[in-house]
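Since the structure comes first, as structure tokens, the remarks are kept for the end.
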Amino acid sequence: MFAYTLTALTLCCISIIITSYISKRKGTLMEYMVFIMSFSMSIGLSIGFYLGILFKGELLYSTLLAILISGFIGFLVGLRFHLYTALEGMFSGLMASMMGAMLTEMLNAQQAHSILFISLLLTITITMSCMIQLLSETFSTYIHRGFLLLLSIGVVIIVSVFITFPDYAPPPSSGHNQHMH
Numbered sequence: 001m002f003a004y005t006l007t008a009l010t011l012c013c014i015s016i017i018i019t020s021y022i023s024k025r026k027g028t029l030m031e032y033m034v035f036i037m038s039f040s041m042s043i044g045l046s047i048g049f050y051l052g053i054l055f056k057g058e059l060l061y062s063t064l065l066a067i068l069i070s071g072f073i074g075f076l077v078g079l080r081f082h083l084y085t086a087l088e089g090m091f092s093g094l095m096a097s098m099m100g101a102m103l104t105e106m107l108n109a110q111q112a113h114s115i116l117f118i119s120l121l122l123t124i125t126i127t128m129s130c131m132i133q134l135l136s137e138t139f140s141t142y143i144h145r146g147f148l149l150l151l152s153i154g155v156v157i158i159v160s161v162f163i164t165f166p167d168y169a170p171p172p173s174s175g176h177n178q179h180m181h
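In the UniProt record's numbering, the protein residues as written are 1 to 181.
If you want it as structure tokens, here you go:
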């Protein structure tokens, strides 16, 4: 499950970074701030959930690492557009990752696994939506002509993640839990 989630989050980050540098969209600062905030919050929440599960019982480490990674990603993606969007991305990712790590600490393992799955689907959906919006002017004819194809590809990606996401496997319990006197 951990390699699967890490791969999906890495692909989302790489694709949005590449898309933001390919984009020739001339939007307002507020539009860019909304894009960056939505992406940073979704990726930050997923990273917070992921690290909260990975470092279960170590809230300090999971929170600090999630804040560091999400803040850096939000700043890096937002810096392409403006310093304000970079700050928006950094603080949105920071806040969401902190909430994700704390929430995971309060849940049992099965619930944390389920919420990671939901946030991963949300992150992939928001990433695809931001990519389409950022590329809407650069590739407008292709997007308008092939919108149904893009929508179908998006649905296939979401359904494939839904189907292939690993099931929760409880850790094996050892028979050495009893004390011998």
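In this text, a Cβ means the ideal position worked out from N, Cα and C, and glycines have one as well.
Integer-rounded CB distance, given that residue j should sit under 8 Å from residue i
| i | j | result |
| --- | --- | --- |
| L135 | T28 | Rounded, the Cβ-Cβ distance is 17 Å, inconsistent with contact. |
| G100 | G89 | Going by Cβ atoms, the distance from G100 to G89 rounds to 16 Å, so no, they are not a contact pair. |
Separation of residue j from residue i, as counted between CA atoms
| i | j | result |
| --- | --- | --- |
| Q110 | I36 | 31 Å |
| I16 | E58 | 30 Å |
| G154 | Y61 | 35 Å |
| Q21 | L9 | The sequence shown places Tyr at residue 21, rather than the Gln named in the question. Using only the alpha carbons, I get a separation of about 19 Å. |
| M143 | F39 | According to the sequence displayed, residue 143 carries Ile and not Met. Each residue's Cα considered, the two are about 21 Å apart. |
| I14 | S23 | 14 Å |
| R145 | L116 | 35 Å |
| F81 | R25 | 10 Å |
| T5 | L51 | 11 Å |
| S140 | E31 | 18 Å |
| F55 | N108 | 13 Å |
| E149 | T138 | Residue identity differs from the one stated: residue 149 is Leu in this sequence, not Glu. L149 and T138: Cα-Cα distance of roughly 18 Å. |
| P172 | I132 | 44 Å |
| T129 | V159 | Here residue 129 turns out to be Ser, not Thr, going by the sequence shown. Straight-line Cα distance between these residues: approximately 16 Å. |
Proximity test, residue i beta-carbon vs the ligand COA heavy atom, cut-off 7 Å
| i | result |
| --- | --- |
| P166 | With respect to small molecules bound, the structure shown includes none, and the ligand COA cannot be examined in it. |
Residue i vs residue j beta-carbon contact at 8 Å
| i | j | result |
| --- | --- | --- |
| I53 | A112 | yes |
| V156 | L120 | no |
| M106 | I67 | no |
| T127 | C12 | yes |
| A86 | F75 | yes |
| M33 | Y84 | yes |
- Message: Would the stretch 39-46 count as touching the stretch 89-97 if we require 3 or more Cβ pairs under 8 Å?
- Response: As far as the Cβ criterion goes, the stretch 39-46 touches the stretch 89-97, which means the pair count is three or higher.
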